[in-house]
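Asks:
Spelled out as structure tokens, the structure:
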């Protein structure tokens, strides 16, 4: 039982050993030249300017969350739409429609709440 | 239309109240205490309805089962929710009068998650409910994010972040474990764990157990408990310290005693180690604490240890006593935190020195605190005494003699630090002598907790019998 996992263990050991061996080899055998460029966050591309810890407006997150909300809603709607005919044929069409309507209704309430609370106004 | 939608009546009602509160706030904002009282009264209505709405049954595919077990938990969570709302009304109305509705709505969403959790018998529903319960708690934890003491104004934000990170990590552990379990057994039903007792299934289940261990705050997954209790708003900590713990224990019972009872030789040692370690670490680390909320955090870890011990008895009686223990703990711990909240609001902090002289300033508050502390310590004849006694009896009958002896010894240590708190309120002199001002809602919440703690101490039989009926839903036979 447990023995059947031996190959997994061997693979795991080999993976870890490979990673450490490579790091050790480059540390031991590699040439070390230090210069200013290597200390930079990126060795190529634009030179970084200013502090990385700038504050972003919370609106970016709000919009992102709202987008995901309605993104997921559309995914569920597509699923329902694809199955709607077979639901109707098996006699649960009305029930499933009521369910999806309740789902959309809930999200509409959420949208109303966000709208009313000013979540959609950019400069607030 | 469907033969099972009525099983969710109470849960849907709670969600409906949450939506009502949110929309009320969005379209006709009301200041003052109106929102809080409405929420509390409507929840009280749902609680009363739970005695008349008598739907029992199973949802297709056995995904959700509503039986005595669920009914017991629904009432327990509703009671905790009502008291949690009552205890927060005055604090919210004075501190954040402009944004109260979000607090109640989030608390209600969390409550709905807990109520659904007790009946979930499918991993997908179980995990979804667990997240529905947990996520609002993260937000609520950081609710008073600028409201800490002057030296550390952002303590609540820190508490929220700690709870969020440990919570997210533990959810990750649970989901990773479940990926293994579902992959190995080929079913998402909780009862299917035993279908393929391969080592990988067991590894997966250990991940799941570790994830749940974080949520209930059992050692060694307890690090977030004292930090979060110290930083988050006290009325919310009162709720956080009881309802999610009860829900976590219910989940453990569903998974271990319900779904995985066949392989108990695998998980029982793990559970007992968690129980013993929680008792030892919780009780010993509570000793040197000088902040009342940190002290109660470690005390909460210790109490979870006792509850896990009763769970480890693996019998219907043991599970019933876990429920009884948790139910008494709900009322006791809510009461302790509410009294502390009242005392600390004016004292300007939760250190033991700040609540000194409480009993001279407000004899009723001091007396209530003493009763709650005695109940936590397990002194006759308050509710906590029966809880500890029954837990130890069931564990003894199950042959866990060593852990019972350990538990009794540690309960004596517990008595010492609980009485340290009581001593600072009774013996020490505070720098003020005027009565502590408390709002009506907070007083009502403390009074209800007091009535339950004393009442269950004098007459525990109804709750014991209800717990026994509930436990039959998970463990059949004796």
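Chains as they are written, first to last, in the working numbering: chain A, -11 to 112; chain B, 54 to 531.
All residues carry an ideal CB built from backbone N, CA and C; glycine is no exception.
(1) Taking Cβ positions, are residue 339 of chain B and residue 272 of chain B nearer each other than 8 Å?
(2) Please tell me whether residue 161 of chain A has its Cβ less than 8 Å away from any Cβ of chain B.
(3) Consult DSSP for residue 496 of chain B and reduce its assignment to one of helix, strand or coil.
(4) Give the straight-line distance between the Cα atoms of residue 245 of chain B and residue 363 of chain B, rounded to the nearest whole angstrom.
(5) If I follow the unbroken alpha helix (DSSP H) through residue 411 of chain B, where does it start and stop?
(6) Using a C-beta cutoff of 8 Å, does residue 41 of chain A count as contacting chain B?
(7) Quick one: complete alpha helix (DSSP H) runs, 4+ long, within the stretch 416 to 503 of chain B?
(8) How about residue 2 of chain B and residue 71 of chain B: are their beta carbons less than 8 Å apart?
(9) Does DSSP put residue 230 of chain B in a helix, in a strand, or in coil?
(10) Quick one: is residue 113 of chain B near chain A, going by C-beta distance under 8 Å?
(11) Can you give me the start and stop residues for the alpha helix (DSSP H) that residue 104 of chain A sits inside?
(12) Can you give the Cα-Cα distance for residue 109 of chain B and residue 368 of chain B, rounded to whole angstroms?
(13) Is the shortest distance between the beta-carbon of residue 97 of chain A and the beta-carbons of chain B less than 8 Å?
(14) Express the C-alpha separation of residue 317 of chain B and residue 499 of chain B in angstroms, rounding to a whole number.
(15) For residue 68 of chain A, tell me which candidate among A/56, A/5, A/83 has the shortest Cα-Cα distance.
(16) How is residue 284 of chain B classed by DSSP in three states: helix, strand or coil?
(17) What do you reckon, are the CB atoms on residue 324 of chain B and residue 365 of chain B nearer than 8 Å?
(18) Against residue 422 of chain B, what residues of chain A qualify as contacts under a CB-to-CB distance less than 8 Å, listed in chain order?
(19) Rank B/76, B/405, B/233, B/210 by C-alpha distance to the C-alpha of residue 95 of chain A and give the top, closest one.
(20) How should residue 54 of chain B be labelled, buried or exposed, when 16 other C-beta atoms within 10 angstroms of its C-beta is the threshold for buried?
(21) Would you tell me roughly how many angstroms separate the C-alpha atoms of residue 121 of chain B and residue 101 of chain B, rounded to the nearest one?
(22) Verify whether the separation of the beta carbon atoms of residue 133 of chain B and residue 355 of chain B is less than 8 Å.
(23) Could you give the residue range of the alpha helix (DSSP H) that holds residue 157 of chain B?
(24) Chain A beta carbons: is any one of them nearer than 8 Å to that of residue 79 of chain B?
(25) Between residue 252 of chain B and chain A, is the shortest Cβ-Cβ distance under 8 Å, so that the two count as touching?
(26) Give me the residue from B/184, B/361, B/387, B/451 with the minimum Cα distance to residue 422 of chain B.
(27) Would you mind stating whether residue 425 of chain B and residue 389 of chain B have Cβ atoms separated by less than 8 Å?
(28) Could you check how far apart the C-beta atoms of residue 402 of chain B and residue 412 of chain B are, in whole angstroms? I think they sit under 8 Å.
(29) Under 8 Å between the Cβ atoms of residue 215 of chain B and residue 281 of chain B?
(30) Can you tell me where the alpha helix (DSSP H) holding residue 343 of chain B begins and where it ends?
(31) Express the C-alpha separation of residue 471 of chain B and residue 444 of chain B in angstroms, rounding to a whole number.
(32) Any chance the stretch 519 to 531 of chain B sits against the stretch 304 to 315 of chain B, with 3 or more Cβ pairs inside 8 Å?
(33) For residue 482 of chain B, count neighbouring Cβ atoms within 10 angstroms of its own Cβ and tell me buried if that reaches 16, exposed if not.
(34) Look at the alpha carbon of residue 191 of chain B and the alpha carbon of residue 479 of chain B, and state the distance between them as a whole number of angstroms.
(35) Who are the Cβ neighbours of residue 63 of chain B in its own chain at under 8 Å, not counting the five residues just before and after it?
(36) Three or more C-beta pairs closer than 8 Å, one from the stretch 260 to 275 of chain B and one from the stretch 219 to 234 of chain B: is that the case here?
Replies: With the given structure in hand:
(1) 8 Å or more divides the Cβ of residue 339 of chain B from the Cβ of residue 272 of chain B.
(2) No statement about residue 161 of chain A is possible, as the shown extent of chain A runs from -11 to 112 and does not include it.
(3) The answer is helix: DSSP assigns residue 496 of chain B an H, G or I state.
(4) Residue 245 of chain B and residue 363 of chain B have their alpha carbons spaced roughly 24 Å apart.
(5) Secondary structure note for residue 411 of chain B: its alpha helix (DSSP H) is the uninterrupted segment 411 to 414.
(6) By this cut-off, residue 41 of chain A is not an interface position.
(7) Runs of the alpha helix (DSSP H) inside the stretch 416 to 503 of chain B: 416 to 430, 436 to 450, 454 to 479.
(8) Outside the displayed span of chain B (54 to 531) sits residue 2 of chain B, for which this structure offers no information.
(9) Residue state, collapsed to three classes: helix.
(10) Judged by the 8 Å Cβ criterion, residue 113 of chain B is not in contact with chain A.
(11) Residue range 81 to 105 is occupied by the alpha helix (DSSP H) that includes residue 104 of chain A.
(12) Residue 109 of chain B and residue 368 of chain B have their C-alpha atoms some 24 Å from each other.
(13) For residue 97 of chain A, the closest Cβ of chain B is nearer than 8 Å.
(14) Each residue's alpha carbon lies about 40 Å from the other.
(15) Considering only alpha carbons, the answer is A/83.
(16) In the displayed model, residue 284 of chain B falls within a helix according to three-state DSSP.
(17) Yes, the Cβ-Cβ distance between residue 324 of chain B and residue 365 of chain B is below 8 Å.
(18) None at all; the shortest Cβ gap to chain A is about 39 Å.
(19) It is B/76.
(20) In this prediction, residue 54 of chain B scores a pLDDT of 48, lower than 50, which makes its location untrustworthy; the coordinate-derived value is nonetheless stated afterwards. Looking at its Cβ environment, which holds fewer than 16 other Cβ atoms inside 10 Å, residue 54 of chain B is exposed.
(21) Their Cα atoms are separated by approximately 16 Å.
(22) Residue 133 of chain B is not a Cβ neighbour of residue 355 of chain B, given a cutoff of 8 Å.
(23) 154 to 170 is the span of the alpha helix (DSSP H), which, as asked, contains residue 157 of chain B.
(24) Taking 8 Å as the threshold, the shortest C-beta distance from residue 79 of chain B to chain A falls below it.
(25) Interface residue, yes.
(26) Checking every option, the nearest Cα to that of residue 422 of chain B belongs to B/387.
(27) The answer is yes: Cβ separation under 8 Å.
(28) Contact doesn't hold; Cβ gap of about 18 Å is too wide.
(29) Result yes, Cβ atoms of residue 215 of chain B and residue 281 of chain B sit closer than 8 Å.
(30) In the DSSP annotation of this structure, residue 343 of chain B is not part of any alpha helix (DSSP H), being labelled neither H nor E.
(31) Computed Cα separation, rounded: 20 Å.
(32) Counting C-beta pairs with one atom in each stretch, the stretch 519 to 531 of chain B and the stretch 304 to 315 of chain B have three or more that are closer than 8 Å, which means they touch.
(33) So residue 482 of chain B ends up on the exposed side.
(34) C-alpha separation (whole angstroms): 35 Å.
(35) Excluding positions up to five away in sequence, the list reads 99, 102, 103, 106, 127, 131, 168.
(36) Contact holds: three or more Cβ-Cβ distances are below 8 Å.
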